[in-house]
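Residue numbers (full-length UniProt numbering): 1 to 422.
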C-alpha cells in the first residue's frame, strides 16, 4: 500500500478504480466496515466498486495497493463480479454513517457525522480512526463548526442506533451531487430501506422524480408508498408523463385514481391519455411532450428548441410540424424535420420548407414488435405517433423501446448480467 496517512470517505467516493496495468475497472461508491461492540475503531473490510455496467461489486482492502487524490489502484485487474450484498454486521460508511447522530464522550454534546476518516494500521489493516463531526450548539441546536475527533471520543452509531434513530441526509446528498440520476438510483437500491426513505425525503421533487424514473418497478412502488399522498402526486407531476403512467399502471385502481385526483389537471391530463393504451403499444410507449412547431416557425426557432438541455438526445433529434394547436393532441400533422436537416438550412428559412412528409407514421395501436421494426427499418431514434384524425399525439423514442425489450429486472441486475444470462 502506498503511504497514505488518512483518507476521508466523502473524498474517496466517486474516485476511479484502476487495475495494475492502468485499465479502469470502475468507481468507488462506498466503503464497507464491520461495526464492533467495544469502543475500538471498526475495521474497514473493503470498498464497493461500481462497474461500467452499473453492477456494484465488493473489493477487499487487501486488493487495494494505493489510494491517491484522484484514483484508487488495485493489485490485480481480476475481481469477483458477484453483486455486492451487505451482511448483517456490516455498515456502509457513506450510505449509513454520514449524517448519523452521535454524542461527544467528554461533554455529552450532540453532534452529526460530517465525514469518516480511515487510517492504515501496522498490520496493513485499515480502520475508521477519525470522525469529522459538527456539534449542535445553543438552545435551538444551531450548527457549530466542524471538528475532527477520534472514533473512541464519540458514542454511537451502532447497528441498532442506525436502524432505529432518525438520521439526516445532507452529507450523503453532497456525495450524490453531480452523479447521474441512474447512478443515484443504483446507490439507493443498495441502502437499507430506512436510509433509502430518509434520502428520498431529503431530495427535492425534480431530483427524486428523475431518480425514481431510473428505479425498477418494485422500488418505485415502495418509495411512492412511503411518501404522503400530496408529495407522491407532486413527484408524479415532475416525472415524464410516460414514466408516470407506467408507474401508476402498476398500482391498484384505488391508489391510481386517488393520486390522479391529487395531481394538477394540466399535469394529469396527458398521463390519463397514456393510461388508455396498453403499455406494449406505441400509445403506451410514447411521450406526449415532443418538440412541436407550427409551419411558420423559423429554422432558428427550431434549433433553439432542440438545444434545450432538458430534452433527451432522442427527443432532440426530430422536430414535428403541425397546424395549431402545438400541444398534443395537436392540429393536423404536416411532417417532421430531422435535426441534421436543420443544421444545413439557413436560420431565417421556415421549417415548412424543410419538411419530411414521406416518413411513415406510427398509429397508437402499433405493437412493440411493429415499433421495433419501424426503428430498425428507418434508422431512427424518435418516431411520430399520429391518430386516425391526423393529430400528432406523441412520439416514441428508442430508449423507451429498449426498456421494454430488455429482460425484466435489468435495472437491478445491470446490463452485463442480463446479456450473459440470456
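Cβ atoms here follow ideal geometry from the backbone N, Cα and C, with glycine treated the same way.
Distance CB(residue i)-CB(residue j) smaller than 8 Å
{"i": "residue 32", "j": "residue 81", "result": "no"}
{"i": "residue 240", "j": "residue 213", "result": "yes"}
{"i": "residue 271", "j": "residue 302", "result": "no"}
{"i": "residue 299", "j": "residue 354", "result": "yes"}
{"i": "residue 84", "j": "residue 137", "result": "no"}
{"i": "residue 168", "j": "residue 242", "result": "no"}
{"i": "residue 279", "j": "residue 246", "result": "yes"}
{"i": "residue 127", "j": "residue 44", "result": "yes"}
{"i": "residue 294", "j": "residue 367", "result": "no"}
{"i": "residue 296", "j": "residue 259", "result": "no"}
{"i": "residue 339", "j": "residue 306", "result": "yes"}
{"i": "residue 250", "j": "residue 217", "result": "yes"}
{"i": "residue 101", "j": "residue 144", "result": "no"}
{"i": "residue 173", "j": "residue 200", "result": "no"}
{"i": "residue 235", "j": "residue 227", "result": "yes"}
Residues bridged to residue i [DSSP beta-bridge criterion]
{"i": "residue 443", "result": "The displayed coordinates of the chain run from 1 to 422. Any statement about residue 443 would go beyond what the structure contains."}
{"i": "residue 16", "result": "27 and 71"}
{"i": "residue 57", "result": "49 and 83"}
{"i": "residue 286", "result": "The partner list for residue 286 (beta bridge, DSSP) is empty, contrary to what the question assumes."}
{"i": "residue 120", "result": "126"}
{"i": "residue 90", "result": "34"}
{"i": "residue 22", "result": "DSSP, once it has assigned bridges, lists no residue as partnering residue 22."}
{"i": "residue 350", "result": "298"}
{"i": "residue 147", "result": "133"}
{"i": "residue 341", "result": "Partner(s): none; residue 341 has no beta bridge."}
{"i": "residue 66", "result": "73"}
{"i": "residue 155", "result": "103"}
{"i": "residue 306", "result": "Partner(s): none; residue 306 has no beta bridge."}
Distance, residue j Cα to residue i Cα
{"i": "residue 166", "j": "residue 104", "result": "18 Å"}
{"i": "residue 182", "j": "residue 107", "result": "42 Å"}
{"i": "residue 150", "j": "residue 131", "result": "6 Å"}
{"i": "residue 483", "j": "residue 352", "result": "In this structure the chain extends from 1 to 422, so residue 483 is not present and cannot be described."}
{"i": "residue 387", "j": "residue 361", "result": "9 Å"}
{"i": "residue 365", "j": "residue 285", "result": "10 Å"}
{"i": "residue 211", "j": "residue 122", "result": "42 Å"}
{"i": "residue 276", "j": "residue 325", "result": "22 Å"}
{"i": "residue 391", "j": "residue 283", "result": "13 Å"}
{"i": "residue 36", "j": "residue 51", "result": "30 Å"}
{"i": "residue 20", "j": "residue 67", "result": "13 Å"}
{"i": "residue 244", "j": "residue 62", "result": "45 Å"}
{"i": "residue 314", "j": "residue 381", "result": "5 Å"}
{"i": "residue 262", "j": "residue 233", "result": "6 Å"}
{"i": "residue 219", "j": "residue 195", "result": "13 Å"}
{"i": "residue 5", "j": "residue 42", "result": "17 Å"}
{"i": "residue 9", "j": "residue 372", "result": "45 Å"}
{"i": "residue 405", "j": "residue 60", "result": "36 Å"}
{"i": "residue 273", "j": "residue 186", "result": "31 Å"}
{"i": "residue 332", "j": "residue 350", "result": "18 Å"}
{"i": "residue 72", "j": "residue 154", "result": "29 Å"}
{"i": "residue 320", "j": "residue 193", "result": "43 Å"}
{"i": "residue 16", "j": "residue 120", "result": "20 Å"}
{"i": "residue 385", "j": "residue 34", "result": "54 Å"}
{"i": "residue 223", "j": "residue 197", "result": "7 Å"}
{"i": "residue 14", "j": "residue 28", "result": "5 Å"}
Span of the alpha helix (DSSP H) around residue i
{"i": "residue 333", "result": "Where residue 333 is concerned, there is no enclosing alpha helix (DSSP H), although the beta strand (DSSP E) it sits in stretches over 333–338."}
{"i": "residue 40", "result": "Counting along the chain, residue 40 falls outside any alpha helix (DSSP H), and DSSP gives it neither H nor E."}
{"i": "residue 217", "result": "217–226"}
{"i": "residue 199", "result": "193–202"}
{"i": "residue 211", "result": "205–213"}
{"i": "residue 236", "result": "229–238"}
Start-to-end residues for the beta strand (DSSP E) that takes in residue i
{"i": "residue 322", "result": "318–322"}
CB contact below 8 Å: residue i versus chain D
{"i": "residue 347", "result": "The structure shown has no chain D; it contains just one protein chain."}
Query - Those runs of the alpha helix (DSSP H) which lie wholly inside the region 353–418 and span at least 4 residues - result: 368–378, 398–405 and 410–413
Query raised in the report: Can you list the alpha helix (DSSP H) stretches of 4 or more residues lying completely in the region 164–189, in chain order?
Result: You should have 170–176 and 181–189.
Query raised in the report: Which ranges does the alpha helix (DSSP H) cover as unbroken runs of at least 4 residues, wholly within the region 242–300, from first to last along the chain?
Result: 253–262, 265–275 and 282–285
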